[in-house]
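Before any comments, here is the structure.
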Amino acid sequence: MEDAETYVHMIQRDLALQASSSNSEVASFLWLTDAHIDPYYLSADRQCKKKALVELQQYPFGSMGCDPPPSLLYSILEGAAAWLEKVAGKASFMLFTGDFARHGPGRMRDSADNASDIVKNVSILARDFFPDLPAVFGTLGNDDSPCDYCENITTASPVNPWFWRVGTKINQANCMTDATLEMYKYGSYFDITAGDLTILSIATVIYSTLHVPATKLEDDPFGQFAWLRAKLAEAVQQGRSVWIIGHISPGIETFGFTELWWPAYVDKYLAIVQDPQLGPAIAAQLFGHVHKDEIRVLPDPPPGAGPIFLSSSISPVYYNNPSFKIVQYNRTTGKLLSFKVIYSEVPADGKPLQWKFGYDLLQTFPSLRSLGGTMAAEADLAAALLEGGETWKKYAKWYATNYPSDLQHYTSLTTDSVANATWKLQRRKQYVCATVVRTAAAYQDCLGILGVSPTTLAAPAVTDEIERLVLGRLLSWAYLSDQAAAKVVLKLAAQAEWGKLLALFGDLVESSLHSGRPLDTIMAD
0 MEDAETYVHM IQRDLALQAS SSNSEVASFL WLTDAHIDPY YLSADRQCKK
50 KALVELQQYP FGSMGCDPPP SLLYSILEGA AAWLEKVAGK ASFMLFTGDF
100 ARHGPGRMRD SADNASDIVK NVSILARDFF PDLPAVFGTL GNDDSPCDYC
150 ENITTASPVN PWFWRVGTKI NQANCMTDAT LEMYKYGSYF DITAGDLTIL
200 SIATVIYSTL HVPATKLEDD PFGQFAWLRA KLAEAVQQGR SVWIIGHISP
250 GIETFGFTEL WWPAYVDKYL AIVQDPQLGP AIAAQLFGHV HKDEIRVLPD
300 PPPGAGPIFL SSSISPVYYN NPSFKIVQYN RTTGKLLSFK VIYSEVPADG
350 KPLQWKFGYD LLQTFPSLRS LGGTMAAEAD LAAALLEGGE TWKKYAKWYA
400 TNYPSDLQHY TSLTTDSVAN ATWKLQRRKQ YVCATVVRTA AAYQDCLGIL
450 GVSPTTLAAP AVTDEIERLV LGRLLSWAYL SDQAAAKVVL KLAAQAEWGK
500 LLALFGDLVE SSLHSGRPLD TIMAD
């Protein structure tokens, strides 16, 4: 099999590199994100209500479409320890980019206690597996709070009670230093030097269009934009490169193609990271949240700016195989060199997970070697995706970490009819337009759908996050479809008939996600 041959080749190559250049400038770190651990996985209080307990019992490490039990995290850390030893020797540090806790934290008993305890327990387990490895923990996801997207903005106060609470839990697990906690307790952002890298961890839930409590937008919540600009200016003055990490990236997500940050905050962020003097100091930006392996491109990147990557998740709740990454970087320049994705399917009947090699970034997308792995090379990759050839085929395969996805059906083929080719191009363009960090208005302009109601690009007003994303996916299909069902969807959306939409079409969306078949095909059946 091709994967097996690639696996052997990678092991031989990496071991040779390790033996010949143990003191080289190449270093590695472990990147984990979106664990979404549910301690109630096999109880009436579980996150995954759509599956019966008797069914979940057949999947002790988690089930597709559900947040997982702690056993999945244990397995993935065990696999990460083994793989780090194989391909990297000793890693420089481990990184976690948010969402320790399951979806629907507000539905857990004593949600504040439960959410903060999950943060602590995930940190403790990671520390148990890697007792001597420096940890970059503290980036919070939208579920790392007593309710979904809840973070009180307390700019005028020296201490935010929730950040102090979860920061203390991470500190007690020995995954955050006392010095970092002192910074963290104010706004949950911090800077840290780990494995020769200067990392700026930013708070992102505060910029989300779904942030609660919904109040008038502050110009600069917690003064984070001012802090980020100052830290980058300091790096430029000292001739250092920095990495920016966070949970929710700015721009458009590709599950339902809704915007993630308020437009005003997207504009402020772009003004900083695209600044001609400051931007080149950013060697890479890493985010989680979307549960898929993706790239993002700045609309006007300064020369030499580093790439943006979004990582697939530990949790299989949005139909992706669980995974982690081993990231390689240059100790001297701070540049991201490549990463390896390790993943496992989620078998039934208690079978153990098999953590296996997925792909190597540069081997799979060799064009990224050109232009030194910069944002410019990533923009070239995005352009190649639109063509729908071999690059798209590989990208679509690993988008959901080798789990079937609708993207795999949009590859351009010589046998395509004119209608089929047009449909595929339209769907590829929908995706590629979202790879650029844009506001919803700029995204509409890219896609050529300026006449579409803004309702279809906003997150539906329902409280359950997964239902909201299912609705978003339904709407993003409808505004580019000429099927009769699409007109029904858009009409009901305009009337905010979310319950009726879920009743009529929710199972069809779930079928599409589970099978990887496009909604166009599902609706036509």
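In numbering that gives the first Met the number 0, the protein residues as written are 0 to 524.
Just so you know, even glycine gets a beta-carbon here, dropped at the ideal spot from N, CA and C.
Since the model is a prediction, treat every value here as computed from it, not as a measurement.
Query raised in the report: With distances taken between CB atoms, is the gap from I247 to F286 smaller than 9 Å?
Result: Position 248 of the sequence shown holds residue 247. Position 287 of the sequence shown holds residue 286. Yes, they are a contact pair.
Query raised in the report: Are the beta-carbon atoms of L269 and S207 separated by less than 9 Å?
Result: In the sequence shown, residue 269 corresponds to position 270, counting from 1. In the sequence shown, residue 207 corresponds to position 208, counting from 1. No, the Cβ-Cβ distance between L269 and S207 is not below 9 Å.
Report task. Assess, as a yes-or-no matter, whether the stretch 157-172 is touched by the stretch 116-135 under the definition of 3 or more beta carbon pairs within less than 8 Å. Result -> yes
Query raised in the report: Taking contact to mean at least 3 C-beta pairs separated by less than 8 Å, is the stretch 316-328 in contact with the stretch 373-385?
Result: Counting Cβ pairs under 8 Å, fewer than three are found: no touch.
Query raised in the report: Whose CA, out of L124, L512, T438, I271, lies closest to the CA of S74?
Result: The residue given as residue 74 occupies position 75 in the sequence shown. Measuring from the Cα of S74, the nearest candidate turns out to be L124.
Query raised in the report: Is it the case that the Cβ atoms of I201 and I243 are separated by a distance below 9 Å?
Result: Taking the sequence shown and counting its residues from 1, the one referred to as residue 201 is at position 202. Taking the sequence shown and counting its residues from 1, the one referred to as residue 243 is at position 244. Yes, Cβ-Cβ distance for I201 and I243 is below 9 Å.
Query raised in the report: For the 8 Å Cβ check, are there 3 or more pairs between the stretch 44-63 and the stretch 149-158?
Result: The way I'd put it, the stretch 44-63 doesn't touch the stretch 149-158; fewer than three beta-carbon pairs between them come closer than 8 Å.
Query raised in the report: Is it true that the CB of G97 sits closer than 9 Å to the CB of G245?
Result: On the sequence shown, position 246 is the one that residue 245 refers to. On the sequence shown, position 98 is the one that residue 97 refers to. Yes, Cβ-Cβ distance for G245 and G97 is below 9 Å.
Report task. Excluding the 5 residues preceding and the 5 following S20 in the sequence, name in chain order all residues of the same chain whose CB lies nearer than 8 Å to its CB. Result -> By one-based count along the sequence shown, residue 20 stands at place 21. Bear in mind that the predicted position of S20 carries a pLDDT of just 37, short of 50, making it unreliable; the figure below should be weighed with that in mind. Correct list: empty, nothing qualifies.
Requested in this report: For L473, I'd like the list of residues in its chain whose CB is within less than 7 Å of its CB, leaving aside the five on either flank, ordered along the chain.
Outcome: Within the sequence shown, the letter at position 474 stands for residue 473. Around L473: V488, L500, F504, V508.
Query raised in the report: From P453 to A483, what does the alpha carbon distance come to, in whole angstroms?
Result: Position 454 of the sequence shown, counting from 1, holds the residue named residue 453. Position 484 of the sequence shown, counting from 1, holds the residue named residue 483. With a pLDDT of only 48 at P453, under 50, the local geometry of the prediction cannot be trusted, and the value read off the model is given with reservation. Rounded to whole angstroms, P453 to A483 spans 21 Å at the Cα level.
Query raised in the report: Exposed or buried, which one is D112 when buried takes at least 16 other CB atoms within 10 Å?
Result: Residue 112 sits at position 113 when you count from the first residue of the sequence shown. Per the 10 Å Cβ criterion, exposed.
Query raised in the report: How big is the Cα-Cα spacing for F128 and N151?
Result: For this step, residue 128 is matched to residue 129 along the sequence shown. For this step, residue 151 is matched to residue 152 along the sequence shown. The alpha-carbon of F128 is positioned some 33 Å away from that of N151.
**Report entry** Status (buried if at least 16 other CB within 10 Å, exposed otherwise) for K184
**Finding:** In the sequence shown, residue 184 corresponds to position 185, counting from 1. Buried, by the Cβ-count rule.
Query raised in the report: Given that a residue counts as buried once 16 or more other Cβ atoms are within 10 Å of its Cβ, and exposed if not, what is T462?
Result: Against the sequence shown, residue 462 aligns to sequence position 463. Exposed, because fewer than 16 other Cβ atoms sit within 10 Å of the Cβ of T462.
Query raised in the report: Considering only the beta carbon of each residue, do M107 and P315 sit closer than 9 Å?
Result: Start at 1 with the first residue of the sequence shown, and residue 107 comes out as number 108. Start at 1 with the first residue of the sequence shown, and residue 315 comes out as number 316. Their beta carbons are not under 9 Å apart, which means M107 does not touch P315 by this criterion.
Query raised in the report: Between which two residues does the beta strand (DSSP E) carrying F356 extend?
Result: Position 357 of the sequence shown, counted from the start, is the residue given in the question as residue 356. Where F356 is concerned, the enclosing beta strand (DSSP E) stretches over 355-359.
Requested in this report: Check whether the Cβ atoms of D552 and R330 sit closer than 9 Å, and answer yes or no.
Outcome: The structure shown does not extend to residue 552, since the chain is modelled only from 0 to 524, so the question has no answer here.
Query raised in the report: Would the beta-carbon of I325 fall within 9 Å of that of L29?
Result: Walking along the sequence shown from the start, residue 325 turns up at place 326. Walking along the sequence shown from the start, residue 29 turns up at place 30. The answer is yes: Cβ separation under 9 Å.
Requested in this report: With DSSP as the reference, label M182 as helix, strand or coil.
Outcome: Residue 182 sits at position 183 when you count from the first residue of the sequence shown. Helix at M182.
Query raised in the report: Given that a residue counts as buried once 16 or more other Cβ atoms are within 10 Å of its Cβ, and exposed if not, what is G255?
Result: As a first step, residue 255 is located in the sequence shown; it is residue number 256 there, counting from the start. Classification for G255: buried.
Query raised in the report: With C-beta atoms as the reference, is N141 less than 9 Å away from L31?
Result: Position 142 of the sequence shown, counting from 1, holds the residue named residue 141. Position 32 of the sequence shown, counting from 1, holds the residue named residue 31. No; because the gap between Cβ atoms is not below 9 Å, this pair is not in contact.
Query raised in the report: Does the count of Cβ pairs from the stretch 420-428 and the stretch 57-72 closer than 8 Å reach three?
Result: no
Query raised in the report: On the three-state DSSP scale, how would you describe E509?
Result: Here residue 509 corresponds to residue number 510 of the sequence shown, with the count starting at 1. Three-state result, E509: helix.
Requested in this report: Quick one: grab the DSSP three-state call for Q362.
Outcome: Working through the sequence shown from its first residue, we reach residue 362 at position 363. Helix, per DSSP.
Query raised in the report: When the Cα atoms are used, what is the spatial distance from L139 to W397?
Result: What you label residue 139 is simply residue 140 of the sequence shown in a count that begins at 1. What you label residue 397 is simply residue 398 of the sequence shown in a count that begins at 1. Distance between the alpha carbons of L139 and W397 is about 25 Å.
Query raised in the report: Anyone know if the C-beta pair for V436 and P279 falls short of 9 Å?
Result: Counted from its first residue, the sequence shown places residue 436 at position 437. Counted from its first residue, the sequence shown places residue 279 at position 280. Between V436 and P279, the CB-CB gap reaches or exceeds 9 Å.
Query raised in the report: For M522, does the three-state DSSP call read helix, strand or coil?
Result: Taking the first residue of the sequence shown as 1, we reach residue 522 at position 523. Here M522 sits in helix by DSSP.
Requested in this report: Classify D348 as buried or exposed, calling it buried when 16 or more other Cβ atoms lie within 10 Å of its own Cβ.
Outcome: By one-based count along the sequence shown, residue 348 stands at place 349. Classification for D348: exposed.
Query raised in the report: Going along the chain, which residues of its own chain have a beta-carbon closer than 7 Å to the beta-carbon of Y58, five neighbours each way excluded?
Result: Looking up residue 58 in the sequence shown gives position 59. Around Y58: V345, A347.
Query - DSSP three-state assignment for G137, whether helix, strand or coil - result: Here residue 137 is taken as the residue at index 138 of the sequence shown, counted from 1. Note: G137 maps to coil in three-state DSSP.
Report task. Out of G333, P459, E386, point me to the one whose CA is closest to E24's CA. Result -> Stepping through the sequence shown from its first residue, residue 24 is reached at position 25. Closest by alpha carbon: G333.
Query raised in the report: Taking the C-alpha atoms as reference points, what is the distance between D177 and F364?
Result: Counting from 1 along the sequence shown, the entry for residue 177 is found at position 178. Counting from 1 along the sequence shown, the entry for residue 364 is found at position 365. Their Cα atoms are separated by approximately 41 Å.
**Report entry** Unbroken beta strand (DSSP E) run spanning M93, endpoints
**Finding:** Here residue 93 is taken as the residue at index 94 of the sequence shown, counted from 1. Its beta strand (DSSP E) spans residues 93-95.
Report task. Give every residue of the same chain whose Cβ lies closer than 8 Å to the Cβ of G78, excluding the five residues on either side of it in the sequence, and list them in chain order. Result -> On the sequence shown, position 79 is the one that residue 78 refers to. Excluding positions up to five away in sequence, the list reads F323, I341, S343, L352, W354.
**Report entry** Segment limits, beta strand (DSSP E) that includes Y342
**Finding:** Counting from 1 along the sequence shown, the entry for residue 342 is found at position 343. Its beta strand (DSSP E) spans residues 335-342.
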